[in-house]
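Below is one structure; the comments refer to it alone.
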Amino acid sequence: MIVLQCGFRFALHAGLKMRNFMTETRSTFYTKKRDPGAAWTPARGFRDAIPIFLGYFAVAFSLGIVAGNAGFNAFQGFILSLTNLSSSGQYAGLLLYSENAGYIELALMVLVANARYLLMSFAISQKISPADGIGRRLVYAFGLTDELFGLGIMTPGYLRFPYMLAALCTAAPGWALGTAFGVIVGDILPDIFSEAMNVAIFGMFLAIVIPPGKKNRLILAAVVSSFAVSLICSYAPVISGFSSGTRVLILTLIIASFFAFFFPVKNAPQSQKDSGSEDRKEDTAQ
Amino acid sequence: MKQNIYLYILVMFAVTYAIRVLPITLLRKPITNRFIRSFLYYVPYITLSLMTFPAIVQATSEPLYGLLAFIAGVLLAWFSGNLFLVELGCCLVVLILNILF
């Protein structure tokens, strides 16, 4: 999920700072021979993931509003979020559901909306010990979100399975519960409030795409041209006749190909967190 | 006829999980193709932007309210970058306009 990069960067930073501090105090206490990853215990995974839990809960709330509008009940929203753990992919799926699209179109749309996890998965596979078997790899893959990826990357050496599992089990319920809560609240709110809540998810998307655009002109160009093309195509003949899900799918492929062809990125970062910001440097510098 | 919600969830899960699991288990070799890397780099920004506008304008009873929420969201995201502030700002714009008019 890319949603938390703005709102919870602070919380994550605070958590990581505290963790770094504790690591330092520990490493001065113990001798240097100790395994640097040994301190990454399940208890620490739980502790590091608490800010993520809170962030997920709050952000998934607006996704729950969308799910409720699409016709999902709280339980279905809970299951959807627990199994998918992705904001844009889930939103795209809900959009298609409300338009009653077919399963092939759904699969294609989710593939495109979540394609960026491919890069992240390749990146994290470098951090997985060759000794970790298929079972552990299946779990690592399940929890591959921006925030948990961030925790994993901070681990010295290879990923620690107990640490990552504890972090996943702490953070994921926040996402699922937040969604269910959003569905319930969306149902009982008076119309005047629920109409206002309808735009929350778009605020979330803007908070994801605009700040990186401020730092990187190519991203800004991609964002602004997407707004423009999207507006034109919702009124243009032929393409405006497609469902908005199909339109998003086709336009994403065209615009992303255009930018990738004419403005290729030298070292495309693996995580959304890397893109166009100096935060990673700050993190590693600490 | 409406599609089955649980089948929908299953398809979404299968696709999302396949994307995450294949590089870790089977493929293992990183993507070196510059076009594909760049493509994957741009995709999230483009998809989210396409899904945001003009959908936000169509999400409110009065299109103008949605448009104003969009402008408020862009400005807040640009100047503060805080996710909650942006979400709250968008919602408040629509709420206040609905109460006033």
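Protein sequence lines correspond, in order, to chains X and F.
Number 254 in our numbering belongs to position 252 of the first sequence; there are no gaps in the numbering.
Number 60 in our numbering belongs to position 57 of the second sequence; there are no gaps in the numbering.
The beta carbon of each residue, even a glycine, is placed where N, CA and C say it ideally should be.
**Request:** Name, please, each residue of chain F whose Cβ falls closer than 9 Å to the Cβ of X:T85.
**Result:** Per Cβ cutoff of 9 Å: I12, L13, M15, F16, T19 and Y20.
**Asked** So, are the CB atoms of X:E149 and X:I54 less than 8 Å apart?
**Response** One thing to note: X:E149 has its Cβ within 8 Å of the Cβ of X:I54.
**Request:** Name, going along the chain, the residues of the region 175-191 of chain X whose beta-carbon falls closer than 8 Å to a beta-carbon of chain F.
**Result:** Residues: none.
**Message:** Under 8 Å, Cβ to Cβ, is there at least one residue of chain B near X:S196?
**Reply:** No chain B is present in this structure, whose protein chains are X and F.
**Prompt:** What residues in its chain sit with their C-beta under 7 Å from that of F:G107, if we drop five residues either side in the sequence?
**Reply:** Nothing about residue 107 of chain F can be read from this structure; chain F reaches only from 4 to 104.
**Prompt:** Excluding the five sequence neighbours on either side, which residues of its own chain have a C-beta within less than 7 Å of the C-beta of X:M24, listed in chain order?
**Reply:** The pLDDT assigned to X:M24 is 47, lower than 50, so where the model puts this residue is not dependable, and the model offers no usable value.
**Item:** Length-filtered (4 minimum) alpha helix (DSSP H) runs lying within the region 161-206 of chain X
**Value:** Runs of the alpha helix (DSSP H) inside the region 161-206 of chain X: 163-190 and 193-200.
**Prompt:** Name the chain X residues whose beta carbon is nearer than 7 Å to that of F:F42?
**Reply:** Those are A258, S259 and A262, listed as they occur along chain X.
**Message:** Strictly below 9 Å CB to CB, what residues from chain X border F:L103?
**Reply:** Those within 9 Å of F:L103 in chain X number zero; the least Cβ separation is about 11 Å.
**Asked** Comparing the C-beta of X:I1 with each C-beta of chain F, is any distance below 8 Å?
**Response** Given that chain X is displayed from residue 3 to residue 288, the structure contains no residue 1 of chain X and the question cannot be resolved.
**Request:** Compare the Cα-Cα distances from X:A133 to each of X:V112, X:V114 and X:R162 and report the closest residue.
**Result:** The option with the nearest alpha carbon to X:A133 is X:R162.
**Message:** Taking only three categories from DSSP, how would you classify F:P33?
**Reply:** When secondary structure is reduced to three states using DSSP, F:P33 falls in the coil class, being assigned neither helix nor strand.
**Request:** Return yes when the Cβ of F:V24 is within less than 8 Å of the Cβ of X:A143, no when it is not.
**Result:** Yes, the pair counts as a contact, with Cβ atoms nearer than the cut-off.
**Asked** X:A202 and X:I67 look like a contact to me (Cβ under 8 Å); what is the Cβ gap, rounded to whole Å?
**Response** Indeed they touch by this definition, with Cβ atoms about 6 Å apart.
**Prompt:** Based on Cα-Cα distance, which residue from X:T85, X:P44 and X:Y105 lies nearest to F:Q6?
**Reply:** Considering only alpha carbons, the answer is X:Y105.
**Prompt:** Over what stretch of residues does the alpha helix (DSSP H) that includes X:R139 continue unbroken?
**Reply:** Residues I136 to F144.
**Prompt:** By DSSP, does X:P214 sit in helix, in strand, or in coil?
**Reply:** Helix.
**Message:** Helix, strand or coil, according to DSSP, for X:A109 in the structure here?
**Reply:** Here X:A109 sits in helix by DSSP.
**Prompt:** How big is the Cα-Cα spacing for X:G247 and X:L97?
**Reply:** Cα to Cα, X:G247 sits roughly 6 Å from X:L97.
**Prompt:** From which residue to which residue does the alpha helix (DSSP H) around F:P57 run?
**Reply:** Here F:P57 belongs to no alpha helix (DSSP H), and DSSP marks it neither H nor E.
**Item:** Within chain F, the residues that X:K216 reaches when beta carbons sit closer than 7 Å
**Value:** Chain F residues near X:K216: W81.
**Asked** Checking contacts by CB at 8 Å: is X:M199 closer than that to chain F?
**Response** Taking Cβ atoms only, chain F reaches closer than 8 Å to X:M199, which makes this a yes.
**Request:** Leaving out five residues on either side along the sequence, give the residues of the same chain with a beta carbon under 7 Å from the beta carbon of X:R139.
**Result:** Once the five neighbours on either side are set aside, the close Cβ partners of X:R139 are I130.
**Request:** Could you list which residues in chain F have their beta carbon closer than 8 Å to that of X:S213, in chain order?
**Result:** According to the sequence provided, residue 213 of chain X is Pro. The question's Ser does not apply to it. Chain F residues near X:P213: A80, W81 and G84.
**Request:** In angstroms with no decimal places, state the Cα-to-Cα distance between X:N200 and X:G243.
**Result:** Rounded to the nearest angstrom, the two C-alpha atoms are 24 Å apart.
**Message:** Residues in the same chain with beta-carbon distance under 8 Å from X:I252, minus the five sequence neighbours each way, listed in chain order, please.
**Reply:** Cβ within range, chain order: I241 and F244.
**Asked** Is it right to say X:T33 is buried, meaning 16 or more other beta carbons lie within 10 angstroms of its own, or is it exposed?
**Response** With a pLDDT of only 45 at X:T33, under the threshold of 50, the placement of this residue in the model should not be trusted, and no figure is reported.
**Prompt:** In whole angstroms, what is the alpha-carbon distance linking X:H15 and F:L43?
**Reply:** At X:H15 the pLDDT is 47, less than 50, meaning the model places this residue with poor confidence and gives no usable figure here.
**Prompt:** Using a Cβ-Cβ distance under 8 Å, would X:R2 count as near chain F?
**Reply:** Outside the displayed span of chain X (3 to 288) sits residue 2 of chain X, for which this structure offers no information.
**Asked** Given that a residue counts as buried once 16 or more other Cβ atoms are within 10 Å of its Cβ, and exposed if not, what is X:A117?
**Response** For X:A117, the number of other beta carbons within 10 angstroms of its own is at least 16, and it is reported as buried.
**Item:** Proximity winner among F:V96, F:L103 and F:F56, relative to X:Y237 (alpha-carbon distances)
**Value:** It is F:F56.
**Prompt:** Since X:Y1 meets chain F, which of its residues come closer than 8 Å, beta carbon to beta carbon?
**Reply:** This structure cannot speak to residue 1 of chain X, because chain X is shown only from 3 to 288.
**Request:** Run through the region 63-139 of chain X for me and flag every whole alpha helix (DSSP H) of 4 or more residues, listed as ranges in chain order.
**Result:** The qualifying runs are 76-86, 89-100, 105-115 and 119-127.
**Asked** Which residues bound the alpha helix (DSSP H) around F:T19?
**Response** In this chain, the alpha helix (DSSP H) harbouring F:T19 covers I8 to L25.
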